[in-house]
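Residue numbers (our numbering): 8 to 329.
By construction, the Cβ of each residue, glycine as well, lies at the ideal position given by its N, Cα and C atoms.
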């Protein structure tokens with residue numbers, strides 16, 4: 008049996024890595040993919056490992072391993088460093104027959120391993136991407152990111168504020184404009200009046216968070232969210248005079264890249280659930296104070312519908328350049 012080896016940090020795994028692994032597997036019977044990591048890596052090692060294992064979960068001929076990178080010495084020349092790597096790998100894994108990679112260290116590393124060597128796409132012509140490029144500009148290189156990795160880089164924005172300020176309408180409109188998806192206010196699917204219980208509000212909070220996670224898997228670069236856990240807390244306090252602890256926990260599970268606070272300077276429209284039209288300014292202050300208490304910056308959305316759209320569009324265009 009011919010055993011191959013691919014090594015890397017996979018920070019993150021991208022389509023270039025997948026092409027390399029596919030190429031490597033064609034030249035061996037079993038392939039070990041060895042992911043090295045340190046405690047200071049910019050992306051958690053367990054998450055990176057989970058990505059790799061998920062991508063190749065149906066491939067029994069591809070073995071995914073994780074090793075701590077404590078065997079290197081960057082002060083040494085490349086040849087000496089590859090000897091250290093080879094010594095470690097030979098102790099860690101069964102005998103390796105073939106090393107496959109796209110880096111300049113590949114040949115000396117394979118030589119020190121006593122293994123053959125194959126180079127794949129060293130000039131990055133087949134898949135012109137690197138992990139560094141993705142970390143720096145994930146939106147620019149979005150199409151090089153595997154589907155399972157995209158939620159990590161996805162931008163999530165929250166449309167936030169008092170009732171009847173255009174959040175739902177704008178979430179749909181912006182999702183269409185940016186060719187992506189949005190998360191509606193799930194409470195409207197679960198209750199028909201404001202006569203709800205603590206159990207109801209907990210169920211709403213959980214469902215809202217679950218919907219964000221679900222939509223994050225398929226959204227295109229950005230996800231527009233109509234409401235959040237802070238909003239659920241505010242209405243729990245408003246109607247039930249109590250906020251279940253789970254709502255605070257849910258708040259910590261999902262972080263938004265930008266908040267848009269909608270000012271109640273458009274006509275209030277009754278829809279059966281809304282009943283705070285006479286307290287719009289008071290509710291706006293509650294929403295605003297909740298963000299300021301948490302030191303969460305926000306963009307104020309105000310004016311006509313056209314002005315609101317332009318405020319949001321300008322901010323999102325800038326956000327997608329990060």
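C-alpha gap between residue 213 and residue 323, whole angstroms: 27 Å
Terminal residues of the alpha helix (DSSP H) in which residue 41 lies: First-last for residue 41: 37-44, but that is the beta strand (DSSP E), not the alpha helix (DSSP H).
Rounded C-alpha distance that separates residue 26 from residue 134: 8 Å
Identity of the residue in 216, 186, 206, 239 nearest residue 227 by Cα: 186
Rounded straight-line distance, which links the Cα of residue 224 to that of residue 155: 7 Å
Segments assigned beta strand (DSSP E), at least 3 residues, entirely inside the stretch 185-261: 188-190, 229-233
First and last residue of the uninterrupted alpha helix (DSSP H) at residue 318: 312-326
Alpha-carbon spacing of residue 18 relative to residue 55, whole angstroms: 7 Å
Residue 284 (DSSP reduced to helix, strand or coil): With a pLDDT of 45 at residue 284, under the threshold of 50, the modelled position of that residue is not reliable, and the figure given next carries that caveat. Of the three classes helix, strand and coil, the one that applies to residue 284 here is helix, per DSSP.
Beta-carbon proximity check, residue 11 vs residue 107, cutoff 8 Å: yes
Cβ neighbour criterion (16 or more within 10 Å) applied to residue 281: Reliability of the predicted coordinates at residue 281 is poor, the pLDDT of 48 falling under 50, and no value is obtained from them.
Cβ separation of residue 63 and residue 167, assumed to be a contact under 8 Å, to the nearest whole Å: Not quite, the Cβ-Cβ distance comes to about 40 Å (not below 8 Å), so this is no contact.
Residue span of the beta strand (DSSP E) that contains residue 266, given as start and end: 265-269
Validate contact between the stretch 139-152 and the stretch 202-212 using beta carbons, cut 8 Å, 3 pairs: Contact check between the stretch 139-152 and the stretch 202-212: fewer than three CB pairs, one atom from each, fall below 8 Å, which does not count as touching.
Three-state class that DSSP yields for residue 19 in the structure shown: DSSP places residue 19 in coil when its eight states are reduced to three.
Option nearest residue 89 by Cα separation, candidates 119, 74, 110: 119
Beta-ladder partner(s) of residue 2, from DSSP: Missing from the structure shown is residue 2; the chain here goes from 8 to 329 and no further.
Outcome for residue 47 when other beta-carbon atoms lying within 10 angstroms are tallied against a minimum of 16: A residue is called buried when at least 16 other Cβ atoms come within 10 angstroms of its Cβ; residue 47 does not meet this threshold and is exposed.
Pairwise C-alpha distance: residue 273 and residue 110: 59 Å
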